[in-house]
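For reference, the structure discussed in these notes is given below.
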Amino acid sequence: MASTGSEDVPYPYGKSYKWPSTLYDELTQMGDISFIIYQLGYLSEASRKAKELGVQFKGMELDVNGSVIKPNIASSALKRNFTPGELKQIIQDNLEFLNELFPGYSEEPSLSATYESLDELEMVPADATLDLANSGSSVVTSNSGSTKIVKPWRAYTIEEFEDRFQQNELVYSVVKDTYHQRITLVFRGTENILGAAVTNWMSNLKIKVEETELPETIKANIEGETTIGLHEGYHDYLFANTTDTEDAETFTKYDQIKEDVMGLVKKYPGYKLYVTGHSLGAGLSTLAAFFLASEHSIPKPVTCINFASPRVGTRSFLRACQYLEKTCQLRIVRTMNANDSIAVLPMAPYVHVGFQVTLYKDGIKAPDLHYPNLKLDWMEWAKISWKNSLIASLNLGYDHGDYRERLDLPVAKHFLEKFNLIPLYQDEEMVGFSLRPLRVRFTSDTKMGQTIDLSTALK
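All the letters of the sequence shown, read from the start, carry residue numbers 7 to 465 under our numbering.
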């Protein structure tokens with residue numbers, strides 16, 4: 007299998023960016039933020055209810071458009087973003103009101119787990135890559151000659167959170183992470199309390215295959231394919247027209263997301279784009295990552311790391327994803343719990359994409375790791391299909407949560423710290439292809455970039 011995270015590896019994605027050293031690091035970093043977006047929804051709803059009731063909700067209020075902001079802040083930029091520490095303080099300051107609105111909100115161990123995730127996001131991680139020029143951080147040298155980096159100001163911030171129209175639209179957030187020079191797009195999963203249940207479940211249950219045109223940027227490079235089969239509900243949720251009456255009639259949710267992401271990508275050059283989510287949010291993250299990776303204007307590769315994702319496409323989508331993975335434009339890791347029935351739906355003709363990490367709760371068995379290699383024989387595919395079948399995963403318990411807890415089990419942590427996503431993609435026996443990096447060259451007389459195959463251009 008692929009080499010461990012501690013070894014020196016080639017640089018198919020370029021040398022200028024420091025990728026996380028282990029698969030464990032990437033999964034836990036995405037795990038924290040993919041579940042925090044649920045808490046953002048509760049705080050946002052509580053601030054709306056407080057306004058209706060005429061009571062104070064400390065640390066958060068609504069602007070004239072109904073978006074959440076911080077009160078009594080003069081800077082328009084600072085009003086719009088929140089640090090993990092600020093979110094924790096808002097919860098602590100309004101815990102009684104939150105319990106009145108959402109009975110059981112402060113039950114343990116859920117509340118402690120929320121605080122722990124927020125604390126971890128606020129801390130300077132050991133593998134931090136600090137952008138000293140743009141973060142406000144500084145290097146301090148002691149009299150003995152040793153140096154340390156002082157924590158940057160507002161290094162980790164939730165820059166966008168859009169749930170104003172959650173009765174009709176998906177909910178997402180965009181996060182800026184100075185520690186890892188990363189922009190993270192986060193999709194919320196199915197929410198049964200905050201008024202989004204109907205549209206969430208309609209999206210989950212519309213499982214008809216929708217044949218969708220391949221993005222023009224990659225159509226010519228995928229032989230024999232002009233369309234891809236996608237989950238109708240998730241596709242329509244992502245590409246539905248927005249509800250805001252100020253938007254153009256043809257403006258879609260995907261357009262809005264791309265606009266928000268591009269704003270931060272331009273503001274923070276050199277940062278990479280990650281996409282994550284849980285459950286419904288994981289399915290949406292897979293589709294969004296695929297389409298964003300097909301945009302010439304988005305830095306490559308786009309990395310999608312999600313949790314409990316349903317299947318979102320047919321084999322034609324799998325082949326399109328693998329083209330983007332093979333050409334170093336997309337990286338995908340799905341994390342699922344053993345016996346999570348949601349993560350094995352819908353069944354055929356849908357298939358999973360990307361690397362799959364399967365977590366176990368007994369604390370004894372190490373995670374499974376595999377990739378949907380299209381060159382595997384039918385017997386190997388049958389084994390994978392059985393393990394990912396509804397029959398094999400059917401149980402009477404609840405295995406759709408507890409992802410962060412399972413990741414931190416010693417046996418899981420020890421296993422995942424052996425691997426790095428880059429050499430995993432370089433393991434041709436495992437993935438069934440060799441990486442062929444592409445780059446996009448822009449010319450002055452065209453808006454469309456010209457794609458160049460570096461594996462041949464550099465010979």
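Here a beta-carbon is modelled for each residue, glycine too, at the ideal position from N, C-alpha and C.
With a Cβ-Cβ cutoff of 8 Å, do residue i and residue j count as a contact?
{"i": "T184", "j": "F88", "result": "no"}
{"i": "S118", "j": "I42", "result": "no"}
{"i": "N174", "j": "T196", "result": "no"}
{"i": "A314", "j": "A349", "result": "yes"}
{"i": "I428", "j": "P18", "result": "yes"}
{"i": "A56", "j": "F108", "result": "no"}
{"i": "V215", "j": "T292", "result": "no"}
{"i": "G37", "j": "L286", "result": "no"}
{"i": "T282", "j": "I304", "result": "no"}
{"i": "Q362", "j": "K278", "result": "no"}
{"i": "C334", "j": "L441", "result": "yes"}
{"i": "R194", "j": "V177", "result": "yes"}
{"i": "N379", "j": "L29", "result": "no"}
{"i": "E165", "j": "L270", "result": "yes"}
{"i": "I75", "j": "K85", "result": "yes"}
{"i": "E467", "j": "I213", "result": "With the chain represented from 7 up to 465, any question about residue 467 goes unanswered, as that position is not in the structure."}
{"i": "F296", "j": "L336", "result": "yes"}
{"i": "P221", "j": "S322", "result": "no"}
{"i": "F167", "j": "L46", "result": "yes"}
{"i": "T251", "j": "T258", "result": "no"}
{"i": "F439", "j": "Q328", "result": "yes"}
Relative to the C-alpha of residue i, which candidate in the options has its C-alpha closest?
{"i": "E217", "options": "I79, T248 and H241", "result": "H241"}
{"i": "P275", "options": "E301, K306, L298 and D250", "result": "K306"}
{"i": "K419", "options": "P77, A344, L365 and M385", "result": "L365"}
{"i": "G407", "options": "L351, H284 and T28", "result": "H284"}
{"i": "P90", "options": "H376, T120, Q62 and G72", "result": "T120"}
{"i": "I39", "options": "E386, S73, P373 and L191", "result": "L191"}
{"i": "A354", "options": "P316, E92 and Q45", "result": "P316"}
{"i": "L351", "options": "K273, V318, D69 and A226", "result": "V318"}
{"i": "G289", "options": "A344, G360, D31 and R410", "result": "G360"}
{"i": "H69", "options": "G60, V61 and R54", "result": "The displayed chain sequence assigns Asp, not His, to residue 69. When each option's Cα is compared against that of D69, the closest is R54."}
{"i": "K182", "options": "K273, G201, N210 and G110", "result": "K273"}
{"i": "L415", "options": "K424, I390, D383 and P373", "result": "P373"}
Can you round the beta-carbon distance between residue i and residue j to whole angstroms, since I take them to be within the 8 Å contact cut?
{"i": "D266", "j": "V180", "result": "5 Å"}
{"i": "L127", "j": "L422", "result": "Their Cβ separation, rounded to whole angstroms, is 19 Å, which puts L127 and L422 out of contact at 8 Å."}
{"i": "L101", "j": "S112", "result": "6 Å"}
{"i": "I263", "j": "A326", "result": "Not quite, the Cβ-Cβ distance comes to about 20 Å (not below 8 Å), so this is no contact."}
{"i": "D169", "j": "S347", "result": "With 8 Å as the limit, D169 and S347 do not qualify as a contact, their Cβ atoms being about 27 Å apart."}
{"i": "I224", "j": "L330", "result": "7 Å"}
{"i": "G65", "j": "E106", "result": "So it is not a contact: roughly 17 Å between Cβ atoms."}
{"i": "Y377", "j": "M436", "result": "5 Å"}
{"i": "D31", "j": "D133", "result": "6 Å"}
{"i": "N343", "j": "Y409", "result": "7 Å"}
{"i": "V417", "j": "G369", "result": "6 Å"}
For the alpha helix (DSSP H) containing residue i, name the first residue and the last one.
{"i": "Y366", "result": "Careful: Y366 lies outside any alpha helix (DSSP H) and carries neither H nor E."}
{"i": "R410", "result": "Y409 to L413"}
{"i": "N206", "result": "A203 to L211"}
{"i": "N343", "result": "Note, N343: premise wrong, no alpha helix (DSSP H); beta strand (DSSP E) at L336 to N343."}
{"i": "V485", "result": "This structure does not reach residue 485, given that the chain is present from 7 up to 465, and the question cannot be answered."}
{"i": "I224", "result": "E222 to K225"}
{"i": "F323", "result": "R321 to K332"}
{"i": "E435", "result": "E434 to V437"}
The beta strand (DSSP E) with residue i in it runs from where to where?
{"i": "H376", "result": "D374 to H376"}
{"i": "G235", "result": "T233 to H237"}
{"i": "M36", "result": "It is not in any beta strand (DSSP E) - M36 instead sits in the alpha helix (DSSP H) that spans L29 to L59."}
{"i": "L382", "result": "Taken as a continuous stretch (DSSP letters only), L382 belongs to no beta strand (DSSP E), as it is neither H nor E."}
{"i": "K424", "result": "Unbroken run through K424: none, as it is neither H nor E."}
{"i": "D253", "result": "Element bounds for D253: n/a, residue is neither H nor E."}
{"i": "V181", "result": "Y178 to D183"}
{"i": "E217", "result": "V215 to E219"}
{"i": "E166", "result": "Y162 to E168"}
- Task: Quick one: which unbroken alpha helix (DSSP H) runs of 4-plus residues sit fully inside the stretch 264-318? Chain order, please.
- Result: 286-299
- Task: Any chance you could list the beta strand (DSSP E) runs of at least 3 consecutive residues sitting entirely within the stretch 61-116, in chain order?
- Result: Listed in chain order, nothing qualifies, since the stretch 61-116 has no complete beta strand (DSSP E) run of 3 or more residues.
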